[in-house]
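Residue numbers (the working numbering): 12 to 364. Below is one structure, written out as structure tokens; the observations come after it.
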């Protein structure tokens, strides 16, 4: 929530929407776009760390606004306000003046591909996708964006696969509340010190514009989850939500189905066989196979039961769907009798249940 001097309490959604034609919304989307352009170079450049911090704040602002969207619009209606606003999720479909294409959501999704060094950006980007893809029209738009060119199709899917395959653990940083200041546009922390690579805190006398809670690392939270576990859980939720949409949908694309053909006739292969790519389906199967090893005492792998449950649920949904059950069950049979091996481990018990 935000409060400007002498003004009533507003939400980030109100600021983003009423300021769409002004500097704020344009600047937020501009920063996200420019961040992609620079980060895609995978090289060092002046003020890179400041740009990373700034793009995170922009993504957090959009996610916060989207989460408040329905409540805010409902309050406007119940209050009899004559203020006409378009949903923020629809505004994200507008033409990006820097590219001439409606690619704002593609730019946001690209932050998933930076997961190896910007996991907090990844988590936020997946959260944004979860909200906007509840709309069938936006979901269809995303499928077109993600498959618009072969290079983009490979890039985006590989980013999600990397997240599900990741076993990174970085306890160096901490979860903090980030405050963006009205007067300067700079940011500082509440309740902790910046890591040495971050800007120094500003004096506490500044008036705050936005406050966000940001998870900066893979330090475990109160649920025993590090940020990479949260990313896996968010992606599995996103896939579960997406698979119910009409075919082809984003889940089908990320799981490796050919969206240009009848998905019922899909034939999955192991990665590399006949140039078949590694997909989220391969990652989910590998995750579940490793969880069996963890239950057997293999200390190389450790998974949270909540994540494993969502992975099993995803496979169940694919196996129960008349559009996908045949190719998926056929592939599971080819994976060393996946179902037989996992059924033999029942009942799950102990800390890894």
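Note that CB positions come from ideal geometry on N, CA and C, so glycine has one too. Quantities reported herein were computed from a predicted structural model and do not represent experimental measurements.
Own chain partners of residue i with C-beta closer than 7 Å, once the 5 adjacent residues on each side are dropped
i	result
residue 32	In this predicted model, residue 32 has a pLDDT of only 46, less than 50, meaning its place in the structure is not dependable; the value taken from the coordinates is given anyway. Closer than 7 Å at Cβ, skipping near neighbours: no residue.
residue 42	65, 66 and 69
residue 136	70, 119, 120, 122 and 123
Closest by C-alpha distance to residue i, when choosing among the options
i	options	result
residue 325	244, 84, 103 and 99	244
residue 303	273, 349 and 98	349
residue 347	102, 296, 96 and 359	296
residue 281	301, 339, 262 and 334	339
residue 250	144, 60, 315 and 163	144
residue 8	129, 335 and 55	The structure shown has nothing for residue 8, since the chain only spans 12 to 364.
residue 301	96, 242 and 352	352
residue 175	241, 117, 142 and 274	241
residue 318	330, 332, 294 and 331	294
residue 81	63, 94, 100 and 93	100
residue 337	276, 55 and 322	276
residue 298	283, 161 and 320	320
residue 97	108, 85 and 107	85
residue 119	94, 72 and 356	72
residue 114	256, 140 and 44	44
residue 50	63, 316 and 345	63
residue 104	147, 152, 79 and 359	152
residue 237	315, 252, 266 and 106	315
residue 117	79, 160 and 57	160
residue 127	268, 267, 111 and 53	53
Beta-bridge pairing of residue i - partner residues as DSSP gives them
i	result
residue 107	112
Where residue i falls: helix, strand or coil (DSSP)
i	result
residue 333	coil
residue 269	coil
residue 120	helix
residue 280	coil
residue 287	coil
residue 66	helix
residue 174	helix
residue 55	coil
residue 126	coil
residue 143	helix
residue 304	helix
residue 239	helix
residue 358	coil
residue 166	helix
residue 89	helix
residue 256	coil
residue 159	coil
residue 346	coil
residue 96	coil
residue 321	helix
residue 383	The chain is shown from 12 up to 364; residue 383 falls before or after that span and cannot be answered.
residue 101	helix
residue 315	coil
residue 46	helix
residue 229	Because residue 229 carries a pLDDT of 46, less than 50, the predicted location of this residue cannot be relied on, and the following value inherits that uncertainty. Residue 229: coil per DSSP, three-state reduction.
Residues near residue i in its chain [Cβ-Cβ closer than 6 Å; skip 5 each side]
i	result
residue 91	none
residue 88	none
residue 170	123 and 124
residue 328	254
residue 356	303
residue 106	113
residue 289	172 and 282
residue 109	44
Supposed contact pair residue j and residue i - C-beta distance, whole angstroms, cut 8 Å
i	j	result
residue 138	residue 74	5 Å
residue 132	residue 77	The pair is not a contact, with the Cβ atoms about 16 Å apart (cut-off 8 Å).
residue 172	residue 47	Not really, about 19 Å apart at Cβ, beyond 8 Å.
residue 287	residue 342	That belief does not hold up - the Cβ atoms of residue 287 and residue 342 are roughly 11 Å apart, past 8 Å.
residue 261	residue 150	6 Å
residue 334	residue 274	6 Å
Residues near residue i by beta carbon distance below 8 Å, same chain, minus five either side
i	result
residue 264	154, 157, 158, 164, 168 and 270
residue 39	27, 69, 72 and 73
residue 141	245, 248, 249 and 252
residue 147	256 and 257
residue 332	254
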